[in-house]
Ligand SMILES: [Zn+2]
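In this note's numbering, the protein residues as written are -12 to 639.
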């Protein structure tokens, strides 16, 4: 930890509301949450910020497509992020939205300050713009002279009046910052990348637009109402406006940030533009900008079109939120790309959590019940197990720097060493033998050693698995708080005598995958290969066409609202429907119902949809679901909910 030891300001990026929360968002947020919980436990004054980025052309267009105002649309998606973090118990201190009036005021104040500083001027911008990435690229950066180097979509040439930020002026000061602060960008390999980029020369940055409206207007003093701020100036400023910059500045003493956690795709903005903006505002620079990598699924890139995007809530529901937290932080070296597979997750749960941690507690409960009616004392531990205790304390001391250097996987690896010391001690000393051959004192002291190891590990694991470790602590007769942290970890003291509480196993063994691997469009053979368990189940199924409840739920039925309907050209039977299932965008479904329903009958009505049907092409168009209907000699009727239900409500 550096200069400013008593405060910890920790941020996630503000998430852009053109997307619903996926595993990448959950990963960043859970890392930030872990750091925040740790900081509070360690007695630092902590402020943990997350939120949503809601301005820009992409949002304006997405809202228009759905017949909503940008604000309505932003409210909806922002609400989903907040709801998920609340459900996950994320301990943020503030959830900022860039549409908050205080934020807009703060951004305008910053703009004026930069003008005063002589860092902003007006000119004409001509560049290749990618709407999707909201970024400009120079001719040489484009792929094949036309396509966006980030997302591959076509760019367009834009020429417009714009205000510019003198980024070029900060080239040298930025390089100096990178050189003097070895850990300003984490992992360190990323710092080298950024330095090379900046050494290549910085061009001034266009920071306003006249081509769209949905953004923060320039301050009135500028007298130039047709300009709105370029989204990145607006977005980055959230880290200051959340502390009251340009308004009620009572939280500004949390600045500078201890760490800005980000994904590696937005490193340039955070490691180049942001510190330059801060220098222009005469503010100190953050301690760390820490960029993590991507997640793949079963070795494949995730994408909406492949249908293999991981919904973090689904994983948490299936395997337990805290197990999922542990897995994400333990599985991947920070900064590297990680792969999610249910097998890897199950291995971590059964092995690290179940065998190493959970079983140790169970063995302690069992043995102490037998040998001492559950009573455990630390009194003779140091006398009999000096070496073990010294090793445990050596591990404990290595932990904190690993955490603040974002070496989270190594933190957890190191934290597991005391557990293996404890497990090994049981196997080596065999307390059941000691009890038989008259070495009762040593046997009971061994129980004391194990209890203390579990207690210390529980404290340091607390930021990653808050609820689970509270249960462990309760069983061991203490509570996890700053006092426990100071006593058990910092001072290396031992537990007071206590009577252990019997608790049910914390990590019941997981025998098979709990989430269906759904890979639409994948060849049949591959799809069945992925789920041998399912096959086995079917083989042992009872006869007569009965299915289990689990088999029924393999079919995902959902309520959908038809938002658009039109005839399919040259087809007598088919209608082309856009059906809202509460997902990021409506599903396109081709339905053979034209003989009975016209497009106008259908818009704004609800239907029941098979939501996990493998997409199919009909008349050259993709159909991403099936609508339920019943047909007899009188014709066809759609199956609908009896009362209106929210789009996407599951049926079953
Ligand atoms: Zn792009």
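Think of the CB as a built atom: it goes at the ideal place given N, C-alpha and C, for glycine as much as any other residue. On a predicted model such as this, the values are computed, not experimentally measured, just so you know.
- Annotation for residue 183: the continuous alpha helix (DSSP H) segment containing it runs 175 to 186.
- Annotation: residue 487 to residue 440 spans about 14 Å, alpha carbon to alpha carbon.
- DSSP places residue 304 in the helix class (H, G or I) of the three-state scheme.
- Nearest C-alpha to residue 83 among 428, 37, 136 and 165: 37.
- The set of residues whose C-beta lies within less than 6 Å of a heavy atom of ligand 1 reads, in chain order, 117, 119, 120, 135, 137, 138 and 140.
- In this structure, the beta-carbon distance from residue 597 to residue 549 does not fall below 8 Å.
- The alpha helix (DSSP H) runs of length 4 or more contained entirely in the region 310 to 357 are, from start to end of the chain, 329 to 335.
- Secondary structure at residue 197: coil, using DSSP grouped into helix, strand and coil.
- The beta carbon of residue 354 is closer than 7 Å to those of 418 and 434 in its chain, skipping five residues each way along the sequence.
- Exclusion of the five residues before and after residue 32 leaves -7, -6, -5 and 241 as the residues of its chain whose Cβ lies within less than 8 Å of its Cβ.
- The residue from 315, 186 and 308 with its alpha-carbon nearest to that of residue 161 is 186.
- With 16 or more other Cβ atoms inside 10 Å of its own Cβ, residue 85 counts as buried.
- In this structure residue 146 is exposed. Its beta-carbon is surrounded by fewer than 16 other beta-carbon atoms within 10 angstroms.
- Collapsing the DSSP output to three states places residue 137 in coil.
- Under the 10 Å beta carbon count, residue 76 is surrounded by fewer than 16 other beta carbons and is classified as exposed.
- Uninterrupted alpha helix (DSSP H) stretches at least 4 residues long and entirely within the region 146 to 173 occur at 158 to 167, given in chain order.
- Remark: fewer than three beta-carbon pairs, one from each stretch, lie closer than 8 Å, so the region 224 to 235 and the region 112 to 130 are not flagged as touching.
- Residue 48 has its alpha-carbon roughly 11 Å from the corresponding atom of residue 42.
- About 27 Å separates the beta carbon of residue 138 from that of residue 155, a gap too long to meet the 8 Å contact definition.
- Residue 232: not part of any alpha helix (DSSP H); DSSP gives it neither H nor E.
- Within the region 32 to 72, the complete beta strand (DSSP E) runs of at least 3 residues fall at 32 to 40.
- As the crow flies, the alpha-carbon of residue 410 is around 13 Å from that of residue 340.
- CA-CA distance, residue 393 to residue 453, rounds to 19 Å.
- Residue 108 sits exposed, since fewer than 16 C-beta atoms from the chains shown fall within 10 Å of its C-beta.
- Of 178, 56, 58 and 2, the smallest CA-CA separation from residue 223 is found for 2.
- Apart from sequence neighbours up to five positions away, the residues of its chain that approach residue 68 with a beta-carbon distance below 6 Å are 2, 8 and 39, ordered along the chain.
- Judged by DSSP in its simplified three-state form, residue 497 adopts coil rather than helix or strand.
- Closest in alpha carbon position to residue 428, among 72, 266 and 372, is 372.
- Between residue 4 and residue 96, the C-beta spacing is not below 8 Å.
- By the Cβ neighbour-count rule, residue 113 is exposed, with fewer than 16 other Cβ atoms within 10 Å of its own.
- CA-to-CA, the gap between residue 239 and residue 270 works out to about 11 Å.
- Residue 17 carries a helical assignment under DSSP once its states are collapsed to helix, strand and coil.
- Residue range 88 to 103 is occupied by the alpha helix (DSSP H) that includes residue 95.
- In this structure residue 573 is buried. Its beta-carbon is surrounded by 16 or more other beta-carbon atoms within 10 angstroms.
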